[in-house]
Structure formats: C-alpha cells, structure tokens
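Each residue of the sequence shown is one higher than the one before, counting from 23 in this note's numbering.
A virtual CB, placed ideally from N, CA and C, is assigned to each residue, including glycine.
Given the structure is predicted, the values throughout are model-derived calculations rather than measurements.
Written out below as structure tokens is the structure these notes cover.
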Amino acid sequence: MITEKKFADGENIWININSDQVATDSDLYKQYEIDTEIISYALDKNERARIEYDSELETFILIYNVPRKGKSNNHYEAIPMTFLIKDKRMLTITNSENMYIIQYMEKYLEKNTDVSIFNFLFSSLFIITDKFFPVIEAMDRERNHINTMLKEKTTKTNLLALSDVETGVAYFMSATKQNAVLLDQIKTNVIFQNLNDIEKEQLEDTQIEARQLVEMAQLTSQVLQQLSGTYNNILNNNLNDTMKILTILSILLTIPTIVTGFFGMNMPLPLEHNILGWVIAIGISLIGWFGLSFILRLILK
C-alpha cells in the first residue's frame, strides 16, 4: 500500500502510494500534505503530462506518461504517473497499471544510493521513457506481421488488426510528445535554477531520450499511415473493378432482354409462324451480345 525508502545516507526519502489500495479520502494523503486537487490529478487516467510548482507549499508536481503494461481494448495505451517533490522528499502515486515502474526505480536506487532528489526524479523519467521503446518495437513487429497477412488476403479481420495498431501508435504519439514538451518546460520553471550540474546533465539525457522516442513514434506512425493508405487504395481499386464488371454484365444482359421482349409482344411479329423463330431470336441475341462485347472492349482498353 505504502512503501518508503531512504537514500543519500538517510537524508532523502522516497515514498510510493498505491492509489488502488488507498481510498481517495484517506488521511494518509493529508499526512503527506497532498491536497484533494493533486489527488484528483493523480487518479485521473486521462490527465495530460504537465508540471506545476506550488510556491505556497513549495511543492513541485510532475505528471508523466507511462506505457501501460499490456494491451487495453486490443491496443497499447499510456497512462499518467504523479511525482511530488517537497524539500528532501519525493512521493509517487501509482496504480496497478503503472506499478511495474516502481521495481525499476528501486533497482536504480539500490545501485545509486547517494543520488539527490532531482537526480533520482530525472533518472526515473529516463527509465519510464526507455520503457516506451520495446512497446513501439512490438507494434512494429505486429505491423509487419499484419502486412504479411494482408498481402496474402485483405480480410476485414486483418484490417481491424491494423486499425488497432494505428490506435496504439496514436496514443503513444500523443503521450511521447507531451513528455518531451514537459521536459522542455522544466528548464523554464523556477526549480531549474536550483539544480546542480549533475542534475541538469541527467535532465538533458532524459530530454535526448524523449526526443528520440518522439522521432521513433513519428516514423512508426508515418509508416502505418502509408500502409493504411496503400490498402485503402487497393480496396478502392478492387471495388472499382467489381463495379466495372457488374456494369458491363448489366449492359450485356440488356441485349437478350430487348430481343426476347420484342418477340414477346402480344401482336403480329416477324417469324411468328416460323418453326425456327426461337432459334433465330437466340441468334440475334448472340450476335448483339458479341457485337456489344466487342465495342465495350474497344472502349475500355
């Protein structure tokens, strides 16, 4: 439910709260000076990545997008994770969908026990950013597999699978751009002036990683858009070919209809009493049919 870890010789402390196990109105939030507004940010799964500095409480609030572990509704998504820093304390609010990040943060802290609060924060953001790459690579592999299936047969199932990949990439495009913008905004925030050289260097490394991630997500999105456009053109072309065939058939079928309709009128007609009249009518239909077929072939070449 709540875990606490001290580092830098006990000078700094990291506290993690699992919001799935702590009620919204719990006194634990008040104990750590977390107001209801921050709680609403932390529990909102649609909250955008952003930073905020409360000068009255001297609290730095950061909300960062984290890749969801596993798929939701057949596609990948990103969800927000909240960081709060006050004095020598960093507090994170997680849930079951982003809790897996905590173990990576713990491993980092075990190897780097003397880091500062902001160094640990930026390193954690670097870790989170790095976790996007395997998911995007998985989407690339899935896209290649679907592309191979579509080349064999363009089915509705394969097209829907391609659409799911596009949806996941769209979510990741938005999430990675928000994260990159957030890291840029830190440099304009008042807390940046108080960072030391090591912390600024770690922030710069995280920014570089975030920009690379945005470029990778954009490339994946562009390839998917091109692939989707290609199959849309193929489907439209197939539809045009089908309509063309049906139109030609409907035109050709009018010849026998006209001939049989003419000889079926209830009035004196040529060949009415000829024993071979029906054969001649069929012959006229065939001649008209082949003649019109020849004309259409010349027109549609």
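- With a 10 Å radius around the Cβ and a threshold of 16 neighbouring Cβ atoms, ASN141 comes out buried.
- In the DSSP annotation of this structure, VAL137 is not part of any beta strand (DSSP E), being labelled neither H nor E.
- Exposed is the label assigned to MET265, since fewer than 16 other Cβ atoms lie within 10 Å of its Cβ.
- Closest by C-alpha distance to GLN207, out of LEU84, LYS27, ILE101, THR114, is LEU84.
- Residues of the same chain with a CB within less than 6 Å of the CB of GLU164, apart from the 5 flanking positions on each side, are VAL187 in chain order.
- Residue nearest to THR81 within the set ASN255, ASN211, ILE149, ILE230 is ASN211 (criterion: CA-CA distance).
- Pairing SER315 with LEU261, the inter-Cα distance amounts to about 22 Å.
- SER94 has its alpha-carbon roughly 14 Å from the corresponding atom of SER185.
- DSSP lists PRO102 as the beta-bridge partner residues of ASN87.
- For a cut-off of 8 Å, the C-beta gap from PHE148 to MET238 is around 16 Å, too long to register as a contact.
- With contacts defined by Cβ atoms closer than 8 Å, PRO89 and LYS153 form a contacting pair.
- The C-beta distance from ILE277 to GLY310 rounds to 4 Å, short enough to fall under 8 Å.
- In the same chain as ILE213, and ignoring 5 residues on each side of it, the C-beta atoms closer than 7 Å to its own belong to TYR75, PHE82, in chain order.
- The C-beta distance from HIS97 to GLY190 rounds to 4 Å, short enough to fall under 8 Å.
- Here the segment 117-131 does not lie against the segment 217-234, with fewer than 3 beta-carbon pairs under 8 Å apart.
- Its Cα nearest to that of ILE220, the residue ASP136 stands out among THR114, ASP136, LEU298, ILE302.
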